[in-house]
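Q: UniProt numbering puts the last residue of the sequence shown at 300; the count rises by one with no breaks.
Even for Gly, the Cβ is constructed at its ideal location relative to N, Cα and C.
Computed from a predicted model, the values in this text were never measured in an experiment.
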Amino acid sequence: MIRPARVKVVEVGPRDGLQNEAQALPIEIKLRLVEDLAEAGLAVVEAGSFVSPRWVPQMAASAELYQRLRRRPGTAYPALVPNDKGLEAALEAGVAEVAVFIAASDGFSQKNIACSVADSLTRVGPVIRRARERGLLVRGYVSCVVACPYDGATDPARVADLSAWLMDQGCYEVSLGDTIGIATADQVRRLIGAVAQKIPREDLALHFHDTYGQGVANILASLEEGVAVFDSSVAGLGGCPYARGATGNVATEDVLHLLHGLGIETGVDALKVARAGGWISERLNRPNGSRAGRALLAAG
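See the structure below:
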């Protein structure tokens, strides 16, 4: 299969990354990070989530962030919403696109949202429909698509069915998440092949964590399967509180180095992203998790 000539990079660091960092950052730092990433040319910057601050205190200021955000023309700023309450809060904050999530394993679903996968569908379906009725775009996430820390290996056929269900409910795109970062290239190819029997490849995105250092390799395998949308996190921010040992998403800077090296267009300035990654790493007092980012910064 021919690799795509252009790829959309979905930056999830300000949401999926920061919500898993130990400390909650001041709103001014979050705003600058989101705006710097948009200025680098990223077409999608997932900026926050409307979840209970009791469970995710790092996202408590999402409403203020969206109200103060200087939106760059041509950039989307989706927010994660878990339920109707979150959807209403997102609408009040002026959000134009939301994301919803389900798990492919019951064990992870129980740990994450205290219900089975089947029960989660009854919760999420109405949220998607109401969001669409209010004119919002909706993106769907499926987590633990390769393996679950509690249930073991995930059946690709189940991921395919859940992905098709999300599309049928009204999602415009489904992001498949290797939540524990355990996938290898052949597993990714099999997964994409199974899901592509139910929904078009152009409606798929891949979301890799880099726990075993396979994120970039898995993106290359996905490209060769015709996938053209990838989630990533500046400086490799993040992790997963319900998957012991899981590291952050594959670093945006590393993904850009791969894509640009293959001659694939992204519209993103990799050096600007690297500078944002170095800056936020300093604010978090943590090592920069991107090898390409560190190299770009060292080169000037």
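Under three-state DSSP, which class holds A221?
A: Translated into the one-based positions of the sequence shown, residue 221 becomes position 221. It is helical.
Q: Could you pull out every residue in the same chain whose Cβ sits closer than 6 Å to the Cβ of Q19, ignoring the five residues on either side in sequence?
A: Translated into positions along the sequence shown, residue 19 becomes position 19. If we look at Q19 and ignore the five residues flanking it on each side, its Cβ neighbours are V56, Q58, M59.
Q: Quickly, what does DSSP pair R139 with across the bridge? List them, please.
A: Taking the sequence shown and counting its residues from 1, one reaches residue 139 at position 139. R139 is bridged to A99, E173.
Q: Run the CB neighbour count on L262, radius 10 Å, all protein chains shown included, and call it buried at 16 or more, exposed below.
A: For this step, residue 262 is matched to residue 262 along the sequence shown. It is exposed - the Cβ of L262 has fewer than 16 other Cβ atoms within 10 Å.
Q: Using the beta-carbon count (16 or more within 10 Å), is R54 buried or exposed?
A: As a first step, residue 54 is located in the sequence shown; it is residue number 54 there, counting from the start. Burial call: exposed.
Q: Could you tell me which residues DSSP puts in a beta bridge with H257?
A: Locating residue 257 in the sequence shown gives position 257, where the first residue counts as 1. Answer is none; H257 lacks a bridge partner.
Q: Cα-Cα, which of V95, D151, A103 is closest to A131?
A: Within the sequence shown, numbered from 1, the residue matching residue 131 stands at position 131. A131 has its Cα closest to that of V95, out of V95, D151, A103.
Q: How would you label S52, buried or exposed, when you count the other beta carbons within 10 angstroms and need 16 or more for buried?
A: Here the question's residue 52 lines up with position 52 in the sequence shown. Exposed: under 16 other Cβ atoms inside 10 Å.
Q: If we count the other Cβ atoms within 10 Å of its Cβ and call it buried at 16 or more, is N299 buried or exposed?
A: Sequence index remark: in the sequence shown, residue 299 carries index 299 (1-based). Per the sequence shown, residue 299 should be read as Ala rather than Asn. Under this definition A299 is an exposed residue.
Q: Within 10 angstroms of its Cβ, does T122 collect 16 or more other Cβ (buried), or is it exposed?
A: Position 122 of the sequence shown, counted from the start, is the residue given in the question as residue 122. By the 10 Å Cβ count, T122 comes out exposed.
Q: Is G152 helix, strand or coil by DSSP?
A: Taking the first residue of the sequence shown as position 1, residue 152 is located at position 152. Of the three classes helix, strand and coil, the one that applies to G152 here is strand, per DSSP.
Q: Could you round the C-beta distance between V234 and G277 to whole angstroms and report it? I think they count as a contact, below 8 Å.
A: If you number the sequence shown from 1, residue 234 lands on position 234. If you number the sequence shown from 1, residue 277 lands on position 277. With a Cβ gap of about 5 Å, V234 and G277 count as contacting.
Q: For the region 16-61, list the alpha helix (DSSP H) runs that are entirely contained and at least 4 residues long, ordered along the chain.
A: Taking only runs of at least 4 residues, the alpha helix (DSSP H) segments lying wholly in the region 16-61 are 27-39.
Q: Check Y242 in the structure and name its three-state DSSP category.
A: Here the question's residue 242 lines up with position 242 in the sequence shown. Unreliable placement is indicated for Y242, whose pLDDT of 49 sits below 50; the coordinate value is still reported in the next sentence. Three-state DSSP puts Y242 in coil, outside helix and strand.
Q: Near R286, what residues of its chain come up, given a Cβ to Cβ distance below 6 Å and the 5 sequence neighbours on each side ignored?
A: Numbered from 1 along the sequence shown, position 286 holds the residue referred to as residue 286. Around R286: no qualifying Cβ.
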